[in-house]
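Notes for the one structure printed next.
Numbering (our numbering), first residue to last: 36 to 189.
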């Protein structure tokens, strides 16, 4: 999760949503709970951490948790943001989408063909890009509502 100028002006951790800013290996060491080493190649998010730990302990996560255990086989999307620049993004298997809130600009990358995120394919994938735009905007709105409700006394 640290950038070292792989993209122009991109240093550090919090200013952009390129993979060098957001991709962090996720490791779980649970001797006696996981048999042997497993390497799982799927998209997960930080919100999936608590459900994974609870799953290992045999505890069902509360229904209000947003994440899901990383130990299941279900495919998933990871959603993220960089509030410093007003960016929303998602990762959906091989696809990476970035949306600039203020300008409405969208970028879509096919990471199987362009792992360095150099070629925006949103013009050749307009339906996918538009759908992803609605997903991240809806997610952002839901997060704001969730935070507002969490800050309200019972």
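Using N, Cα and C, we set each Cβ at its ideal position, and we do this for glycine too.
| Check | Outcome |
| --- | --- |
| On the criterion of 16 or more Cβ atoms from any shown chain inside 10 Å, does residue 87 qualify as buried, or is it exposed? | buried |
| Report the option in 127, 97, 159, 133 whose CA atom is closest to the CA atom of residue 111. | 127 |
| Would you decide whether residue 132 is buried or exposed? Buried here means 16 or more other CB atoms lie within 10 Å of its CB. | buried |
| Whole angstroms is fine: what's the gap from residue 154's alpha carbon to residue 77's? | 22 angstroms |
| Look at the Cβ atom of residue 82, then the Cβ atom of residue 102, and state whether they are nearer than 8 angstroms. | yes |
| For residue 128, which three-state DSSP category applies? | coil |
| Going by Cα to Cα distance, which pick from 91, 73, 122, 129 is closest to residue 141? | 122 |
| With respect to the alpha helix (DSSP H) encompassing residue 140, which residues constitute its N-terminal and C-terminal limits? | Neither: residue 140 is in no alpha helix (DSSP H) and is coded neither H nor E. |
| How is residue 100 classed by DSSP in three states: helix, strand or coil? | coil |
| Does DSSP put residue 133 in a helix, in a strand, or in coil? | strand |
| Work out the CA separation of residue 125 and residue 113 for me, nearest whole Å. | 5 angstroms |
| With DSSP collapsed to three states, give me the class of residue 81. | helix |
| CA-CA distance, residue 137 and residue 79? | 27 angstroms |
| If you draw a straight line from the C-alpha of residue 152 to the C-alpha of residue 109, how long is it? | 25 angstroms |
| Can you look up residue 42 in the DSSP assignment and give me helix, strand or coil? | Confidence at residue 42 is low in this model, with a pLDDT of 46, below 50, so its placement is unreliable and the value that follows should be read with caution. In the structure shown, residue 42 sits in coil (DSSP, three-state: anything other than H, G, I, E or B). |
| Please list the terminal residues of the continuous alpha helix (DSSP H) segment that includes residue 183. | 161-185 |
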